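Engineer: Residue numbers (the working numbering): 9 to 121. Built from N, CA and C at the ideal position, the CB exists for glycine as well. Just so you know, these numbers come straight off a predicted model, no measurement behind them.
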């Protein structure tokens with residue numbers, strides 16, 4: 009990715025703020041922040057958003073990954089167990105910095121309680 013999320017021009021920044029505050033995407037970001045390890049699995053994200061289809065949750069997580077806000081963390085093969093999640097989703101350092109710069113992390117401490 010070229011310039012970091014916080015170094016982009018004002019128009020791009022506004023578009024990105026609009027992008028991350030879209031209802032489903034912002035809910036997913038908040039789900040990540042609320043998770044004890046800030047690394048929920050896709051299953052957990054789907055369960056936390058029962059009014060949203062599983063396909064929609066997946067689509068929006070992929071959009072957040074493509075935008076550099078969220079990253080996918082996979083367990084090593086030797087740590088995977090059959091029947092248990094092995095992919096988890098968390099904020100990137102750039103994503104966290106972008107959200108903080110735009111006051112979108114203000115509720116993080118409250119969400120974690």
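(1) Could you tell me the distance, in whole angstroms, from the CA atom of residue 13 to the CA atom of residue 47?
(2) Whose C-alpha, out of 77, 93, 98, 111, is nearest the C-alpha of residue 84?
(3) Leaving out five residues on either side along the sequence, give the residues of the same chain with a beta carbon under 7 Å from the beta carbon of residue 32.
(4) Take the Cβ of residue 55 as the centre, count every other Cβ of all protein chains shown within 10 Å, and call the residue buried at 16 or more, exposed below.
(5) Residue 76 and residue 103 - do their beta-carbons sit closer together than 8 Å?
(6) If I follow the unbroken beta strand (DSSP E) through residue 80, where does it start and stop?
(7) Identify the residues that DSSP records as bridge partners of residue 49: which are they?
(8) Identify whether residue 35 lies in helix, strand or coil by the three-state DSSP scheme.
(9) Spatial neighbours of residue 107 within its chain, please: C-beta separation below 8 Å, excluding the five flanking residues on both sides.
Structural biologist: With the structure as the only source:
(1) Position 5 of the chain shown, counted from the first residue, corresponds to residue 13. Position 39 of the chain shown, counted from the first residue, corresponds to residue 47. If I take the Cα positions, the gap works out to 21 Å.
(2) Along the chain shown, read from residue 1 onward, the residue named residue 84 stands at position 76. When C-alpha distances from residue 84 are compared across 77, 93, 98, 111, the shortest belongs to 93.
(3) Residue 32 sits at position 24 when you count from the first residue of the chain shown. Correct list, in chain order: 60, 64, 68.
(4) Locating residue 55 in the chain shown gives position 47, counting from the first residue. Result: exposed.
(5) Counting from one through the chain shown, the residue named residue 103 turns up at place 95. Counting from one through the chain shown, the residue named residue 76 turns up at place 68. In contact: residue 103 and residue 76 (Cβ atoms closer than 8 Å).
(6) Here residue 80 refers to the residue found at position 72 when the chain shown is read from its first residue. In the DSSP assignment, residue 80 falls within the beta strand (DSSP E) that extends over 78-82.
(7) Against the chain shown, residue 49 aligns to sequence position 41. For residue 49, DSSP records a beta bridge to 96.
(8) Within the chain shown, numbered from 1, the residue matching residue 35 stands at position 27. In the three-state reduction of the DSSP assignment, residue 35 falls in the helix class, which pools H, G and I.
(9) As a position in the chain shown, residue 107 is number 99, starting the count at 1. Around residue 107: 28, 37, 77, 99, 113.
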